[in-house]
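Colleague:
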Amino acid sequence: MNSSLFDLFPFVYKSTDARIHKSRSTDETGWDEVFEPTYTAIEHSTRLLSEWLVDTVSLVASIALCAFLWRRKRLMLKYANYISFATFSAQILYWPFYLLSTWQTMYLLFGKAPEYPSVLHCSLLRHFVLACFQSAGLITVPIAIDHICLVFLKKKLKVFNLVVIQVIITFVELFFTLGHLAIGDVTINDVCAQWIASPDVFLISMSFNNTLLIFAILANFTLVIVQVIDKFLFKKCTSTKHLSLNYSFVILLQSVTEFILSFPLTMRQWKVLLAGIRSVNYFCAYGYMFSFSCIFMVPLVSMMCIPPIRRAFLDFFTCSGLKKPAIAIVDRRKFKFDNVYEK
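Numbering (our numbering), first residue to last: 1 to 343.
#1: Which residues in the same chain have their Cβ closer than 6 angstroms to the Cβ of PHE97, if we skip the five residues on either side of it in sequence?
#2: Using only alpha-carbon positions, find the residue among PHE152, THR318 and VAL60 that is nearest to ILE92.
#3: State the DSSP-derived secondary structure class of THR102, mapped to helix, strand or coil.
#4: In whole angstroms, what is the alpha-carbon distance linking ILE165 and LEU314?
#5: Alpha carbon to alpha carbon, how far is MET206 from ASN161? Give it in angstroms, no decimals.
#6: Counting C-beta neighbours from all protein chains within 10 Å, is the total for TRP70 16 or more, i.e. buried, or is it exposed?
#7: Around the C-beta of MET106, are 16 or more other C-beta atoms found within 10 angstroms, so that it is buried, or is it exposed?
#8: Going by C-alpha distance, which of ALA90, LYS154 and PHE68 is nearest ILE309?
#9: Below 8 angstroms on the Cβ atoms is my guess for ILE217 versus VAL256; work out the distance and round it to an integer in Å.
#10: For ALA64, is the classification buried or exposed, using 16 other Cβ atoms within 10 angstroms of its Cβ as the cut-off for buried?
#11: Just the C-alpha distance for SER101 and SER62, rounded to the nearest angstrom, thanks.
#12: Beta carbon of ALA136, beta carbon of TYR94: below 7 angstroms?
#13: Under DSSP, the alpha helix (DSSP H) around ASP146 begins and ends at which residues?
#14: So, is SER248 buried or exposed, given that buried needs 16 or more other C-beta atoms within 10 angstroms?
#15: Below 8 angstroms on the Cβ atoms is my contact criterion, and I expect VAL151 with PHE85 to pass it. Report the Cβ-Cβ distance as a whole number of Å.
#16: Hey, could you find the ends of the alpha helix (DSSP H) LEU75 is sitting in?
#17: Could you compute how far the alpha carbon of ILE306 sits from the alpha carbon of PHE263?
#18: Do you know offhand how far TYR82's Cα is from SER58's?
#19: Let me know the secondary structure DSSP gives VAL83 once reduced to three states.
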């Protein structure tokens with residue numbers, strides 16, 4: 001079954017100009033298959049519902065982590081440069097995609113396809129959501145830069161610097177995604193009426209994302225090697241004392257996981273772009289969902305590697321934090337510091 005965008009959304013293409021319409025209808029490369037359409041067709045119901053379920057579970061886990069950290073501000077500030085940054089940044093960047101996914105799912109459940117004027121089909125909005133979604137997948141890149149500064153420059157980046165790096169990555173992603181619209185005689189007034197894509201810009205965008213992921217993997221791998229050498233070969237403490245070796249392994253595993261799980265979808269896109277070959281399998285269709293869901297898991301696993309946060313988790317789940325602390329008996333007639341501070 002041909003499930004190109006033209007077949008799924010014929011009303012979108014009714015107002016397109018004849019030249020673009022003709023080039024789309026005669027295109028044999030399957031270029032439309034690179035982009036994931038809005039899943040309002042019946043044949044996409046299973047996939048859309050499964051995506052929305054994974055998104056919901058991931059978002060609930062992220063909200064729980066944010067609430068846990070917010071109630072423990074001392075731990076949040078102490079480890080703000082990696083744990084808190086990864087948790088709150090992923091939460092913020094993922095919300096636009098989740099809202100759009102929820103909107104599409106509700107339309108599907110009620111059996112009503114969005115009308116043409118709906119903002120759901122506005123390419124500008126969809127590309128902004130895609131930019132945030134792509135940026136969330138690169139959440140380990142600022143952490144990798146922080147690790148490089150910690151190992152080689154002997155200092156840590158501030159949270160503000162990490163946020164600035166992530167904002168720059170988001171704007172670069174937005175530039176690439178909006179670049180998909182910069183083809184033909186399309187103007188800013190037409191972006192809500194047409195879905196125009198540039199293969200060249202998309203190739204550059206994919207190369208940029210994969211390069212950043214590989215950079216994060218190499219940077220985190222270098223940090224692990226440096227820590228292993230210092231700990232087991234030279235048996236000395238370095239400036240990496242703020243990081244545990246277990247946490248470094250977790251970040252490395254997270255970077256590699258994102259790269260591996262998104263690799264099938266990346267290969268599918270490369271084949272369509274370069275060879276015009278369409279190959280669809282389970283991992284191509286669903287692999288990236290689990291890739292981006294892992295974004296919310298790295299803070300949780302990382303917390304387990306840090307003793308103070310691990311103890312806070314254990315206290316929370318064992319309800320020991322709800323027990324009232326023992327109150328020292330204070331002589332009200334005569335105040336002594338010994339009654340307040342234990343020696």
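Built from N, CA and C at the ideal position, the CB exists for glycine as well.
Modeller: Per the coordinate set shown:
#1: Hits under 6 angstroms: VAL129 and PHE133.
#2: Closest by alpha carbon: VAL60.
#3: For THR102, the secondary structure class from DSSP, reduced to helix, strand or coil, is helix.
#4: The straight-line gap separating the alpha-carbon atoms of ILE165 and LEU314 is approximately 33 angstroms.
#5: As the crow flies, the alpha-carbon of ASN161 is around 25 angstroms from that of MET206.
#6: That one is exposed.
#7: Label assigned to MET106: exposed.
#8: When C-alpha distances from ILE309 are compared across ALA90, LYS154 and PHE68, the shortest belongs to PHE68.
#9: So it is a contact: roughly 6 angstroms between Cβ atoms.
#10: Result: exposed.
#11: When rounded, the distance between both Cα atoms is 17 angstroms.
#12: Against a cut-off of 7 angstroms, the Cβ pair of TYR94 and ALA136 comes out as a contact.
#13: Boundaries of the alpha helix (DSSP H) harbouring ASP146: 140–152, taken from the DSSP string.
#14: Burial call: buried.
#15: No, VAL151 and PHE85 are not in contact; Cβ-Cβ is about 18 angstroms, not under 8 angstroms.
#16: That run of the alpha helix (DSSP H) goes 73–78.
#17: If you take the alpha carbons of ILE306 and PHE263, they lie about 31 angstroms apart.
#18: So the two alpha carbons sit approximately 19 angstroms from each other.
#19: It is Ile, not Val, that sits at residue 83 in the sequence shown. In the three-state reduction of the DSSP assignment, ILE83 falls in the helix class.
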